[in-house]
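Novice:
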Amino acid sequence: AVEAFEGMDMRVESERVGDDAYLVKVRPGAHELELAGRLRRRRYRFKPGGIEFERCPGCGVPVDISRYHWDLGEGTITATDTSRRVAVLGPQAIDAVFGDLEEEYGPEVSETAVEAQRVFVKSRVSQEVVSGLAPSLPALTALRGLGNVVRLEGGRGGVEMTIENACLPYLLVGMAKGLYELFAGLDSSRHRWDLAEDGDLHVAVYA
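Using the working numbering, the first residue of the sequence shown is number 9, and each one after it goes up by one.
1. Pull up the distance between the alpha-carbon of Ser196 and that of Glu189, whole angstroms please.
2. Within 10 Å of its beta-carbon, does Leu187 have 16 or more other beta-carbons around it, so buried, or fewer, so exposed?
3. Take Trp201 and list the residues in its own chain whose beta-carbon comes closer than 6 Å to its own, dropping the five residues that flank it on each side.
4. Can the beta-carbon of Val117 be found less than 8 Å from the beta-carbon of Phe106?
5. Apply the 10 Å Cβ neighbour rule to Gln125 and answer buried if 16 or more other Cβ atoms are within range, or exposed otherwise.
6. Evaluate Leu179 with the Cβ neighbour count: other Cβ atoms within 10 Å of its Cβ, from every protein chain shown; 16 or more gives buried, anything less gives exposed.
7. Let me know if Cys64 comes out buried or exposed under the rule of 16 or more other beta-carbons within 10 Å of its beta-carbon.
8. Would you mind working out which of Pro143, Pro99 and Ala184 sits nearest Val133, comparing C-alpha positions?
9. Nearest to Ala150 by alpha carbon, out of Arg19, Glu21, Leu176 and His77?
10. Between Ser139, Gly207 and Val213, which lies nearest to Asn156 when the distance is taken from Cα to Cα?
11. Got a sec, what are the start and stop residues for the alpha helix (DSSP H) Glu168 sits in?
12. Check whether the Cβ atoms of Arg48 and Gly37 lie closer than 8 Å to each other.
13. Provide the residue span of the alpha helix (DSSP H) that contains Pro36, from first to last.
14. Below 6 Å CB to CB, which residues in the same chain sit around Pro99 once its five sequence neighbours on both sides are set aside?
15. Just tell me which of Ala192, Ser144, Glu111 and Leu154 has its CA closest to the CA of Val167.
16. Counting along the chain, where does the alpha helix (DSSP H) carrying Glu21 start and finish?
17. Using three-state DSSP, classify Arg203 as helix, strand or coil.
18. Given a threshold of 16 other Cβ atoms within 10 Å of its Cβ, counted over all protein chains shown, does Val122 qualify as buried or as exposed?
19. Give, in chain order, every unbroken run of the beta strand (DSSP E) that is at least 3 residues long and sits entirely within the stretch 71-111.
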């Protein structure tokens, strides 16, 4: 984050100063030699979207964000509907980690990430919620900054979707698989997906 707004390379040091506290120091300097060229930022190509949210007149953030509990003293954000802690993260950072992992371990990293997200979604979302989720899925996906769902078709036999401006495609594919399996009452599913040069993610999940 500091490199992004300062426009220069930074060195970082950290030390544990408590049971759940770390002191992080960032100062200008060249990256360690073994880290040079690692964690390259991905540049997204965005298309204009048509989703609009009611916004807070004071800060301009969608008012739906007010459903989260922001504890400034503890430095935590909690989703009030699930009681789970959440965080604000830029997708470029996570994409950079995935990119490094793929360079080191190969393409199986993408399918491992898809599978991990599928399992996570199925462990956190109830079947009752999924049954009425389709109409609100585009807004929920956009609110989380994951992309613009412009096509969602299918039923219990299979689902196809197209997401413009897709961020974190592996996690989106895993999310689609998990939600579809919950909806169709399946233990597993098959899938195919591709990410176009213009940033459109095409996902098909079927029994």
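No residue lacks a Cβ here, since even glycine has one placed at the ideal position from N, Cα and C. If you're wondering where the values come from, they're calculated on a predicted model, not measured in any experiment.
Specialist: On the basis of the supplied data:
1. 6 Å
2. buried
3. Val181 and Val211
4. yes
5. buried
6. buried
7. exposed
8. Ala184
9. Leu176
10. Gly207
11. Unbroken run through Glu168 is the beta strand (DSSP E), Gly166 to Glu172; no alpha helix (DSSP H).
12. no
13. Pro36 -> not in any alpha helix (DSSP H); beta strand (DSSP E) instead, spanning Ala29 to Pro36.
14. Cys175 and Leu176
15. Ala192
16. No alpha helix (DSSP H) holds Glu21; the beta strand (DSSP E) holding it covers Met18 to Gly26.
17. Here the sequence assigns Leu to residue 203, which means Arg is not the residue at that position. Correct three-state label for Leu203: strand.
18. buried
19. 76-79, 84-87 and 92-94
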